[in-house]
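Numbering (this note's numbering), first residue to last: 22 to 160.
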């Protein structure tokens, strides 16, 4: 894409600003662009999307936080492992697995509900054991 070809990091601030756009498609494209650029300044902003209850972009934000490769995303992802929405919990657990190199033995889109919950439980257990190694959300 053109942003990446032109050394897109100079555009990160503008792309982050698109996360406040009223159109959800624009926000979705901004999330994808930020994840591709892997700029660490975007992690906290994408992490805050996870905290917005009822926001349709939470699953996308979780998935893309996992693809950025930045362990600073882990506290944000762990914060939604008890979310009311199983899709958000599952996407966060998959993303955590990607960031930590763990295979929770499930895929959020294909696994039946009990398998998905097992994966979320595994991610929760990993987080409880390792959370002291990471900053808390908001720090």
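No residue lacks a Cβ here, since even glycine has one placed at the ideal position from N, Cα and C.
Remember, it's a predicted structure, so these values are computed and weren't measured experimentally.
Subject >> Given residue 31 as reference, the closest of 46, 49, 55 and 48 once Cα atoms are compared >> reply: Here residue 31 is taken as the residue at index 10 of the chain shown, counted from 1. Nearest of 46, 49, 55 and 48 to residue 31, Cα basis: 55.
**OP:** Report all residues from its chain with a CB closer than 6 Å to the CB of residue 72; omit the five preceding and five following residues, and keep chain order.
**Re:** Here residue 72 is taken as the residue at index 51 of the chain shown, counted from 1. If we look at residue 72 and ignore the five residues flanking it on each side, it has no Cβ neighbours.
Original post:
So residue 74 is in the alpha helix (DSSP H); what residue range does that whole segment cover?
Top reply: Position 53 of the chain shown, counting from 1, holds the residue named residue 74. Here residue 74 belongs to no alpha helix (DSSP H), and DSSP marks it neither H nor E.
Subject >> Whole alpha helix (DSSP H) elements within the segment 56-105, 4-residue minimum >> reply: 64-71, 79-88 and 95-99
Original post:
Do the segment 92-112 and the segment 50-68 make contact, defined as three or more Cβ pairs closer than 8 Å?
Top reply: yes
Subject >> Beta carbon of residue 36 nearer than 7 Å to that of residue 66 >> reply: In the chain shown, counting from the first residue as 1, residue 36 sits at position 15. In the chain shown, counting from the first residue as 1, residue 66 sits at position 45. Contact flag unset, no.
Original post:
Where residue 108 and residue 79 are concerned, what is the direct C-alpha to C-alpha distance, given to the nearest angstrom?
Top reply: The residue given as residue 108 occupies position 87 in the chain shown. The residue given as residue 79 occupies position 58 in the chain shown. When rounded, the distance between both Cα atoms is 9 Å.
Original post:
Whole-angstrom Cβ separation of residue 87 and residue 115, contact assumed at under 8 Å?
Top reply: For the purposes of this step, residue 87 is taken as the residue at position 66 of the chain shown. For the purposes of this step, residue 115 is taken as the residue at position 94 of the chain shown. About 6 Å; that satisfies the 8 Å criterion.
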